[in-house]
Amino acid sequence: MRALPSSVLPDEAAAPALQRMRSEGVALLPVLDYGELLGLVYERDLARLRGELLGRRLVRDVMRGDPPVAPPWRSVDAVLRLMLTHRSEAVVISDRGHLVGLFTLDDAARRCGALLDAAALRH
68 MRALPSSVLP DEAAAPALQR MRSEGVALLP VLDYGELLGL VYERDLARLR GELLGRRLVR
128 DVMRGDPPVA PPWRSVDAVL RLMLTHRSEA VVISDRGHLV GLFTLDDAAR RCGALLDAAA
188 LRH
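Numbering-wise, the sequence shown is residues 68 to 190 according to this note's numbering.
What follows is the structure in structure tokens.
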């Protein structure tokens, strides 16, 4: 899990959101409105928009709504199953209504790699 990156507002222009993602080195950002999670916006979705089209779009136009949410005490296995069930690339980690992080496919790959490395060392 990664600490929660900055967030974007649904009425923000898409172009600055893409620039922020690239400058922060993140592939997605949570979309919040008055502290309420509305969805996630992905760098890949914004990058598909070109020039003038990107300039005319708002984050709400390209965000993916209702992402899966899990508490920080949920097991990695349960979070992975949640990702599969929802066919999602990320799970928002929330503690009593407060967003605390994101668990992404990159995190899952790192976790699997660490488990494989540990298994190889035992043999």
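The beta-carbon is built from N, C-alpha and C at its ideal position, and this holds for glycine as well.
V143 and G168 have their alpha carbons spaced roughly 14 angstroms apart. Annotation for G118: the continuous alpha helix (DSSP H) segment containing it runs 118 to 123. In the structure shown, the three-state DSSP call for P83 is helix. Around A94, the same chain offers E110 as residues with beta carbons nearer than 6 angstroms, after the five sequence neighbours per side are excluded.
Secondary structure at G180: helix, using DSSP grouped into helix, strand and coil. Your pair P138 and D162 checks out as a contact, with CB atoms roughly 6 angstroms apart and the cut at 8 angstroms.
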